[in-house]
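Engineer: Chains as they are written, first to last, in full-length UniProt numbering: chain R, 1 to 133; chain A, 1 to 133. Glycine is no exception: its CB is placed at the ideal position from the N, C-alpha and C atoms.
Protein chains: 2
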Amino acid sequence: MKEMKRGELAVRTGCNIETIRFYEKEGILPNPPRTAAGHRLYGAEHLKRLSFILRCRELGFTLEQTRSLLALVDGNDYTCAEVREAALAHVDEVRRKIEDLKVIDQVLSDMAAKCDGGDVPDCPIIDTLFAEE
Amino acid sequence: MKEMKRGELAVRTGCNIETIRFYEKEGILPNPPRTAAGHRLYGAEHLKRLSFILRCRELGFTLEQTRSLLALVDGNDYTCAEVREAALAHVDEVRRKIEDLKVIDQVLSDMAAKCDGGDVPDCPIIDTLFAEE
DNA sequence: CTTGAACCTGTATTTACTACAGGGTCTAGT
DNA sequence: ACTAGACCCTGTAGTAAATACAGGTTCAAG
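1. Just to confirm, are residue 42(R) and residue 32(R) a CB contact at a threshold of 9 Å?
2. Can residue 126(R) and residue 73(A) be called in contact, C-beta distance under 9 Å?
3. Short of 7 Å Cβ to Cβ, which residues in the region 97–119 of chain R face chain A?
4. Can you confirm whether residue 87(A), when its beta carbon is compared against all beta carbons of chain R, has any partner nearer than 9 Å?
5. In the region 23–58 of chain A, which residue ranges form an unbroken alpha helix (DSSP H) of at least 4 residues, counting only runs that do not cross its ends?
6. Can you list the residues of chain R that residue 76(A) reaches, using a CB-CB cut of under 7 Å?
7. Nearest to residue 76(A) by alpha carbon, out of 121(R), 26(R) and 88(R)?
8. Among the candidates 97(A), 36(A) and 29(A), whose CA atom is the shortest distance from the CA of residue 44(A)?
9. Please check the pair residue 83(R) and residue 123(A), which I expect to be a contact at CB under 8 Å, by giving their CB distance rounded to whole angstroms.
10. Mind the definition here: the region 7–20 of chain A touches the region 107–121 of chain R only if three or more C-beta pairs lie below 8 Å; say whether that holds.
11. Would you verify that the beta carbon of residue 51(R) is, or is not, closer than 9 Å to some beta carbon of chain A?
12. Quick one, are the C-beta atoms of residue 47(R) and residue 52(A) less than 9 Å apart?
13. Count the other C-beta atoms from every protein chain shown that fall within 10 angstroms of the C-beta of residue 105(A), then say buried if there are 16 or more, exposed otherwise.
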């Protein structure tokens, strides 16, 4: 039974120490037991759950989506199909974002290409940004 | 000299009406003259400037970056090279974001591929998210 | 027994808006 | 002239997801 305090949990997960408290307040990480003096004591379950949350966040799930995923697991009545659906919906969203960013990349690159980088106070980029409609 | 109130400026730019006030408070959109009763009166300059801001935002520039771009223009002493540099730096950032999202796409797609979408309460996606290391 | 690291709490800040509440004003129709 | 409703004004609060700080305990090492 290896227990640890907040600082160690932070180091072991790579999570900011304040974020742990934030997740607890949000109710996504359960309140851990405390020492007599009030220090939080985390166990293997907390470590596992926090890692899960951090991994979801890295994958671009919102905290609410992460919460839903965990609710499925906690309820213990989820099906593979449900989880798969959530994952695929998120993939769609990620792909939409990629497309949006590609358009931005293209527009900016085109603008920059028209620009000769000269020393004069007149720039096609600025002109384009100011252009009507 | 066509002047308009806040509502019309909002409609003509597609900007939320509250956002106009926000930009004014932020000092990125200049305080317009007012009618005797205190209603804001915008002219062609404001329309142009707000459009510029909105276009920068669409291209993913932060409000601070947009402010810097406008500061260059306002200072009237900018060079094409400066603007080009800002644009290209932003392109780099956009491309980094695209790469990050592509990794996420890949990871999620791989995970979903391992999932048979069955009706059982056991899912490789969840397992992977919970996995150690 | 002291000192400094680590912990506790509550609150403020960040980005870029958006959304209210509680008023004043303008305009079109009667 | 009057009134209804659309518009405008202000200040403030809320959103996501943390992060940072102030001011105060507690723990561990020497």
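Structural biologist: The structure says:
1. yes
2. yes
3. Listed by position along the chain: 97, 98, 101, 102, 104, 105, 107, 108, 109, 111, 112, 115, 116, 117, 118 and 119.
4. Under the Cβ distance rule, residue 87(A) counts among the residues neighbouring chain R, one pair being separated by less than 9 Å.
5. 44–58
6. 121
7. Checked all of 121(R), 26(R) and 88(R); the closest Cα to residue 76(A) is 121(R).
8. 29(A)
9. 4 Å
10. no
11. It does: the Cβ of residue 51(R) has a partner Cβ on chain A nearer than 9 Å.
12. Cβ distance not < 9 Å, so residue 47(R) and residue 52(A) don't count as in contact.
13. buried
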